[in-house]
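What follows is a single structure, written as structure tokens, with notes after it.
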Amino acid sequence: MTTVCKEGDAVSVRAGGDFYYDPQTAEEQTDLLLVAGGVGKNPIYSILQHFVNLQLEYCDRERKVVLLYSSSAREELLYRDHIKELADKSSKIFYKFFVTQQPENKESTHMRNGRIGEDDVTEALEKLNTEKLLCYICGPSTMSNAVEGFLLNSGVPKNKIMYEKWW
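Following my numbering, the numbering of the sequence shown begins with 9 at its first residue and continues without gaps.
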């Protein structure tokens with residue numbers, strides 16, 4: 009909701025939470041699990057971009073990242089081609105797309121029909137060093153809560169799970 013203001017008027021501003029990737033505060037060689045749903049794709053994509061840029065800048069080829077990205081329709085999977093391109097250039101970048109509201113499409117082994125489930129999270133964790141791992145989740149509350157539960161069930165410490173909750 010916006011209102012017309014004039015110079016000198018007081019305004020209230022509300023921003024999102026404390027959700028960012030700072031590699032300087034992360035343990036050395038920390039792997040990342042990134043989980044995005046719906047509009048949560050933007051902060052997660054930004055973290056992925058930052059991770060890739062750091063890999064290039066510092067020739068860091070040890071750390072890995074897995075992206076699980078869910079949307080209701082294939083057309084809403086923004087950045088899909090660029091994510092695929094990044095993964096094609098690096099053996100350390102993995103991804104899987106999930107489509108929840110359309111019939112299954114066999115266009116790629118990287119796309120699945122349905123929601124992100126516990127098996128998907130387990131499969132992602134198998135690609136990563138779970139001893140040195142940070143997890144970022146951003147999306148609808150039902151997805152975020154479910155994925156957090158899957159991670160906790162898999163033994164990921166709560167302090168290694170970051171999420172943006174704007175609701």
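For glycine and all other residues, C-beta sits at the position ideal for the given N, C-alpha and C.
No experiment lies behind these values; they were computed from the predicted model shown.
Whose C-beta lies closer than 6 Å to the C-beta of residue i among residues of the same chain, with five residues either side of it excluded?
i, result
"residue 100", "72"
"residue 60", "94"
"residue 91", "103"
"residue 126", "158"
"residue 18", "none"
Locate the alpha helix (DSSP H) running through residue i, then write down its first and last residues.
i, result
"residue 149", "149 to 161"
"residue 60", "49 to 66"
Give me, in chain order, the residues of the same chain whose beta-carbon lies closer than 7 Å to that of residue i; leave out the 5 immediate sequence neighbours on both sides.
i, result
"residue 88", "105"
"residue 160", "166"
"residue 132", "41, 74 and 76"
Report yes if the C-beta distance between residue i and residue j is below 8 Å; otherwise report no.
i, j, result
"residue 146", "residue 48", "yes"
"residue 102", "residue 135", "yes"
"residue 29", "residue 144", "yes"
"residue 137", "residue 39", "yes"
For the beta strand (DSSP E) containing residue i, list its first residue and its last residue.
i, result
"residue 171", "169 to 172"
"residue 18", "No beta strand (DSSP E) contains residue 18, which DSSP labels as neither H nor E."
"residue 146", "141 to 146"
"residue 45", "39 to 45"
Can you give me the Cβ contacts of residue i inside the same chain, cut-off strictly under 8 Å, excluding the 5 residues immediately before and after it?
i, result
"residue 130", "158 and 162"
**Study point:** Given 8 Å, three or more beta-carbon pairs between the region 141 to 160 and the region 40 to 58
**Key:** yes
Exercise for review: Scan the region 77 to 138 and note each continuous alpha helix (DSSP H) run of 4 residues or more that stays entirely inside, going in chain order.
Suggested key: 88 to 97 and 126 to 134
Check your understanding: Between the region 93 to 109 and the region 73 to 80, are three or more C-beta pairs nearer than 8 Å?
Key -> yes
Check your understanding: Is it true that the region 56 to 67 meets the region 163 to 173, where meeting means three or more beta-carbon pairs spaced less than 8 Å apart?
Key -> no
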